[in-house]
Amino acid sequence: MQGGDEHRTMDKLIIRGGRRLHGEVAISGAKNAALPELCAALLTAEPVRFSNVPRLQDVSTTLKLLRNMGAVAERSESRPDEVTIDAGPVSSPEAPYDLVKTMRASILVLGPLLARFGEATVSLPGGCAIGSRPVDQHIKGLQAMGAQISVEHGYIIAKAPKASGGLRGARITTDMVTVTGTENLLMAATLADGETVLENAAQEPEIPDLAEMLISMGAKIEGHGSSKIRIQGVAQLHAPRGGHRVVPDRIEAGTFLCAVAAAGGEVLLKHARADHLDAVIDKLREAGVRIEAGSDWIRVASDGKLKAVGFRTSEYPAFPTDMQAQFMALDCIAEGTARVTETIFENRFMHVDELVRLGAKIEVDGHTAIVTGVPQLSGATVMATDLRASASLVIAGLVASGETLVDRIYHLDRGYDQMETKLRALGADIERVK
Ligand SMILES: CC(=O)N[C@H]1[C@@H](OP(=O)(O)OP(=O)(O)OC[C@H]2O[C@@H](n3ccc(=O)[nH]c3=O)[C@H](O)[C@@H]2O)O[C@H](CO)[C@@H](O)[C@@H]1O
Ligand SMILES: C=C(OP(=O)(O)O)C(=O)O
1 MQGGDEHRTM
11 DKLIIRGGRR
21 LHGEVAISGA
31 KNAALPELCA
41 ALLTAEPVRF
51 SNVPRLQDVS
61 TTLKLLRNMG
71 AVAERSESRP
81 DEVTIDAGPV
91 SSPEAPYDLV
101 KTMRASILVL
111 GPLLARFGEA
121 TVSLPGGCAI
131 GSRPVDQHIK
141 GLQAMGAQIS
151 VEHGYIIAKA
161 PKASGGLRGA
171 RITTDMVTVT
181 GTENLLMAAT
191 LADGETVLEN
201 AAQEPEIPDL
211 AEMLISMGAK
221 IEGHGSSKIR
231 IQGVAQLHAP
241 RGGHRVVPDR
251 IEAGTFLCAV
261 AAAGGEVLLK
271 HARADHLDAV
281 IDKLREAGVR
291 IEAGSDWIRV
301 ASDGKLKAVG
311 FRTSEYPAFP
321 TDMQAQFMAL
331 DCIAEGTARV
341 TETIFENRFM
351 HVDELVRLGA
361 KIEVDGHTAI
371 VTGVPQLSGA
381 TVMATDLRAS
391 ASLVIAGLVA
401 SGETLVDRIY
411 HLDRGYDQME
421 TKLRALGADI
431 ERVK
């Protein structure tokens, strides 16, 4: 899937490897919480204030999408982590292909639009480098709530007219655990008539964060953070009193942990939630990385000498698929052999060929990659293929000898808030070139 403004699509990163990382880095708000939460502002006619919103291309795309529908969506100039969305004036509950194609999370407007306006027309999200990513479970769940849904000319056309009672509560068991599917149905259910029970719900920390925001808007929700969420629909929602603060990004934090583990050094991650990263931290410790943590900080220290550690991605609280590529970069330079199995997405090993260009030894057999550590990677030109693949190549570049040029970093800009600036402040030799 493509992403990024025209002027940034050509940007590249040049990394000269071999520097240790030292100092402090502030972790930003979570992309995967901010995106559904910005969409949740569609559920009320009152202006919603957000803080700790990361500066990401995906956030800009979401704001653009909301404005396209008639909302007033602005980032504060004086406090750039603050965003206000006034969906009062929304006149056109439509998400066109041009905006949706760059970001799969735009499907998250479907539930809120249908719940508040009784209709929504949302383009099917485009294909993506990590697998086919259908949205059948979102559609199935909304149909169970009484929506009439058809797919015409690439658009999901959904109707649940208020005059005929709108959405109604239902018991929904999704075929698999789906993060954005759970979020879409959760948001839709807040304004449905009666009780909705979501079984097999996703438990990723971004879901309780969204649920807490919805509760502060007047929604009645129980069980969020477990696999069974119960929602009693209410007639209308208001803006969260005092605004909503986006939870810290556990994947950005995990990426910095891996960067320090690989490059060596000692770094304090501020505003980072170790309790959302248990599986990753366990594996890092197994690899020989030293980690201490408090309620909102993590300290990581590494001498760069790592043991290869195998892992298997799965739903939260197990090892996240969004950390698979970054951790694989560590295994590439560790001692021994590791078995990495991807169970969430069908095609999420696109970084393998690029890591191999840097000298890594990896064999892929179906959903499993066997990684044999090598003593040293060597810099080369590589191409980012998706968001986390890009981060994996940056980590590899930090330890490779000589110069690594990472092309197509618009993928990185979708989901990392000023990654190269943060790395440079820690001592990395990294620069963005146009
Ligand atoms: C914006 C956001 O939060 N993105 C995250 C979200 O993506 P996203 O919510 O898209 O991922 P899902 O949890 O929905 O996908 C899990 C699996 O279910 C399949 N599936 C999903 C829905 C559906 O209707 N039908 C279906 O077959 C998918 O193809 C995939 O194989 O969770 C993923 C899994 O943790 C993360 O990698 C993404 O970073
Ligand atoms: C796959 C990811 O995001 P998205 O669902 O937005 O494509 C990700 O954050 O790694």
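Residue 254 in full-length UniProt numbering sits at position 254 of the sequence shown, and the numbers go up by one each step. Just so you know, even glycine gets a beta-carbon here, dropped at the ideal spot from N, CA and C. All values derive from a computational prediction rather than experimental measurement.
If you check the CB distance, Val-371 and Phe-349 do not come in under 8 Å.
Arg-75 is not a Cβ neighbour of Arg-104, given a cutoff of 8 Å.
Not one heavy atom of ligand 2 sits closer than 7 Å to the Cβ of Leu-43. Rounded to whole angstroms, the gap between the alpha carbons of Leu-38 and Leu-306 is 40 Å. Pairing Leu-186 with Gln-236, the inter-Cα distance amounts to about 15 Å. Collapsing the DSSP output to three states places Asp-249 in coil. In the three-state reduction of the DSSP assignment, His-138 falls in the helix class. Of the heavy atoms belonging to ligand 2, at least one sits nearer than 7 Å to the Cβ of Arg-388. From the listed residues Met-328, Ala-95 and Ala-396, the smallest Cα separation to Ile-156 is found for Ala-95. Annotation for Leu-198: the continuous beta strand (DSSP E) segment containing it runs 195 to 199. In its chain, beyond the 5 residues on either side, Ile-14 have a beta carbon closer than 6 Å to the beta carbon of Glu-431. The alpha helix (DSSP H) runs of length 4 or more contained entirely in the stretch 377 to 413 are, from start to end of the chain, 387 to 399. The Cβ-Cβ distance between Ile-85 and Ala-41 falls below 8 Å.
Between the stretch 330 to 343 and the stretch 307 to 322 there are three or more C-beta pairs closer than 8 Å, enough to call the two in contact. For secondary structure counted as the beta strand (DSSP E) over 3 or more consecutive residues, the stretch 207 to 257 holds these complete runs in sequence order: 220 to 222 and 228 to 232. Straight-line spacing of the CA atoms in Asn-68 and Thr-121 works out to 13 Å.
The three-state secondary structure of Glu-420, taken from DSSP, is helix. In terms of side-chain proximity, the C-beta atom of Ile-130 is found nearer than 7 Å to a non-hydrogen atom of ligand 2. Going by C-alpha positions, Trp-297 is about 6 Å away from Leu-269. If you draw a 10 Å sphere on the C-beta of His-153, you find fewer than 16 other C-beta atoms in it, and that means exposed. With three or more CB-CB distances shorter than 8 Å, the stretch 19 to 27 counts as touching the stretch 419 to 430. In its chain, beyond the 5 residues on either side, Ile-281, Ala-293 and Ile-298 have a beta carbon closer than 7 Å to the beta carbon of Ala-274. In the structure shown, Thr-173 falls within a strand segment according to DSSP collapsed to helix, strand and coil. When Ile-215, Thr-343, Glu-77 and Asp-175 are compared, the shortest CA-CA separation from Val-234 is found for Ile-215. Take the alpha-carbon of Ala-325 and the one of Ala-318: they are about 15 Å apart. The bridge partners DSSP lists for Glu-119 are Lys-159. With contacts defined by Cβ atoms closer than 8 Å, Ala-163 and Thr-182 do not form a contacting pair. Relative to the non-hydrogen atoms of ligand 1, the Cβ of Gly-111 never comes closer than 7 Å to any of them. Distances from the alpha-carbon of Asp-136 to those of Thr-173, Arg-250, Ala-71 and Asp-209 put Thr-173 closest. Here the distance from the Cβ of Leu-35 to the nearest heavy atom of ligand 1 is below 7 Å.
Between Gly-359 and Val-374 a beta carbon distance of about 6 Å is seen, short of the 8 Å cut, so the two are scored as contacting. Here Val-374 carries a coil assignment [DSSP, helix/strand/coil]. Minimum Cα-Cα distance from Ser-226 among the listed residues Ala-219, His-244 and Val-177 corresponds to Val-177. Listed in chain order, the beta strand (DSSP E) elements of length 3 or more contained wholly in the stretch 253 to 329 are 265 to 270, 290 to 293 and 297 to 302.
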